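Numbering (the numbering used here), first residue to last: 1 to 70.
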Amino acid sequence: MEEIWLYTYQEWGTDQADKYLNLLFSRFTWLSKNPLIGKKRDDINAGYYCFPEGMHLIFYTLRNVHEITS
1 MEEIWLYTYQ
11 EWGTDQADKY
21 LNLLFSRFTW
31 LSKNPLIGKK
41 RDDINAGYYC
51 FPEGMHLIFY
61 TLRNVHEITS
């Protein structure tokens, strides 16, 4: 996350870097509440899910109904 913030800061400044990181963290929270909305990606590894956000893909696995790993 630090590298994402730093790159965004260097390209577009502090405000945009902060906004983008907040967007990603908001998506993490949303995915933790809606984990099955992501695309199942067993082609990459069994049990993986993927969801796009901005210029990134968020990969995660399900631990239980209310917790994901990324």
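Note that the Cβ used here is the ideal one computed from N, Cα and C, for glycine as well.
The model shown is predicted, which means the values in this text are computed figures rather than measured ones.
Check R41 in the structure and name its three-state DSSP category.
coil
I'd like the span of the alpha helix (DSSP H) that includes N22, first residue to last.
14–33
In terms of residues, what are the limits of the beta strand (DSSP E) holding L36?
Where L36 is concerned, there is no enclosing beta strand (DSSP E), given that its DSSP letter is neither H nor E.
Since E53 sits in a beta bridge, which residues does DSSP pair it with?
H56
Please state if the CB of F59 and the CB of I44 are separated by a distance shorter than 9 Å.
yes
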